[in-house]
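*Asks:*
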Amino acid sequence: MIGGTMGFVIVVYSLFVFFPILYGFVTSFFNWNPFQDQFEFVGWGNYSYVIESPEFWTSLKNTVVFTAGSLLLTVGFSLLLAAMMQAVKKGTGFYRGMFFLPVISSMVATSMLWKFMFSYDDGVFNSMLMQLGLGKVPWLQDRNISLAVLIIVQAWKDIGYALVLILAGINNIDVSIYESADIDGASKARQFFSITMPLIRNTMTILIITKLIDYMQIYTPVKFITQGGPGKDTWTMSFYIFEQAFTYYNFGFASAVSFLLFAIIFVLSLVQMRFDKEKN
């Protein structure tokens, strides 16, 4: 019975996971446009064309900036909130639930809401600035601001997830360690940096790697807030892949970009794990 169940699981997993990955890798060596009945073998041509494409490097740069900024804000604010909540004796469940609400909300719906709030003509933020006697800010039209807007939106969405994960790691720390630190006269700040941070290192590694993978594949807020604009200043790798596949129907080219993105994420994850292992 168990063997039959495992066999079924392997077949289903192979059909819906391994086969699409393998098929996508194969198609990355073809000039494939199903709407023109085109399926021509080009070898490494798609990959060389990707490397030579300015749009690829623009989307890669934007993705790296977005990932770094989102990680910094998400991890930084969640650590700050976790440190503050360590001093809270009552109502921690309420605060955790409140901060976790954005995590379970629809990214499409929240993206549309944030787009309205950042609207130039009738957005909430520009209305507040006008009330203060200040001028309007082109949040989504300025190339120096638009990517920062996406970073803020993504951090707002993920801080609750990071906070819950960090608090779970903190709760696994033996309370007697903090009691000994109190007896020695260590301040709360000193305890956080000297006790809490080293003991939740594994939790932080999991958090950073999972969010790194998520942020390198960011698509939804780009699509629904900036549409990649202004110009191509908020094009990310996933948005670039989507445009190539479903706007220009260059499916082979899009597959090549996808596997390059996979390689980049894989290498960055290995570097992060190796760095954490060396620190341990």
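Mapping to the working numbering: the sequence shown position 55 is 152, numbers consecutive. Beta carbons are placed, not taken as given, at the ideal position from N, Cα and C, and that holds for glycine. Just so it is clear, the structure is predicted and the values come from calculations on it, not from any experiment.
#1: I think I292 touches Q183, with their Cβ atoms under 8 Å apart; what is that distance to the nearest whole Å?
#2: Just mark L157 as buried or exposed, buried being the case when its beta carbon has 16 or more other beta carbons within 10 Å.
#3: To which residues of the same chain is T317 closer than 7 Å at the C-beta, ignoring the five residues directly before and after it?
#4: As an exercise, report each continuous alpha helix (DSSP H) stretch of at least 4 residues that is fully enclosed by the segment 111 to 161, in chain order.
#5: Please go through the segment 222 to 309 and give each complete beta strand (DSSP E) segment of 3 or more residues, from N-terminal end onward.
#6: Answer with buried or exposed for I201, where buried requires no fewer than 16 other C-beta atoms within 10 angstroms of its C-beta.
#7: Could you compute how far the alpha carbon of N339 sits from the alpha carbon of G194?
#8: Are the CB atoms of F196 and L260 within a distance shorter than 8 Å?
#9: Is DSSP giving P327 helix, strand or coil here?
#10: Could you give the distance in angstroms between the alpha-carbon of V234 and the alpha-carbon of M225?
#11: Between the segment 271 to 284 and the segment 244 to 263, do at least 3 Cβ pairs fall closer than 8 Å?
#12: Could you tell me the distance, in whole angstroms, from the CA atom of G142 to the CA atom of D219?
#13: Exposed or buried, which one is G349 when buried takes at least 16 other CB atoms within 10 Å?
#14: For T302, I'd like the list of residues in its chain whose CB is within less than 8 Å of its CB, leaving aside the five on either flank, ordered along the chain.
#15: For R240, which of S167, D330 and Q228 has the nearest alpha-carbon?
#16: What's the C-alpha gap between G104 and A265?
#17: Thinking F138 and A252 are a contact (beta carbons under 8 Å), I'd like their distance in whole angstroms, please.
#18: Out of S355, Q135 and I256, which one is the CA nearest neighbour of T333?
#19: Can you find the residues in the same chain that come closer than 8 Å, C-beta to C-beta, to V172, ignoring five residues on each side of it along the sequence?
#20: Give me the Cα-Cα distance between P199 and D255, rounded to the nearest whole angstrom.
*Replies:* On the basis of the data shown:
#1: So it is not a contact: roughly 11 Å between Cβ atoms.
#2: buried
#3: M204, V205 and S208
#4: 116 to 124 and 142 to 149
#5: none
#6: exposed
#7: The residue you asked about is not Asn; residue 339 is Phe in the sequence shown. Answer to the nearest angstrom: the Cα atoms are 34 Å apart.
#8: yes
#9: coil
#10: 11 Å
#11: no
#12: 47 Å
#13: buried
#14: Q369, M370 and D373
#15: D330
#16: 36 Å
#17: Wrong, their Cβ atoms sit about 44 Å apart, outside the cutoff.
#18: S355
#19: A259, M301, L304, I305 and K308
#20: 7 Å
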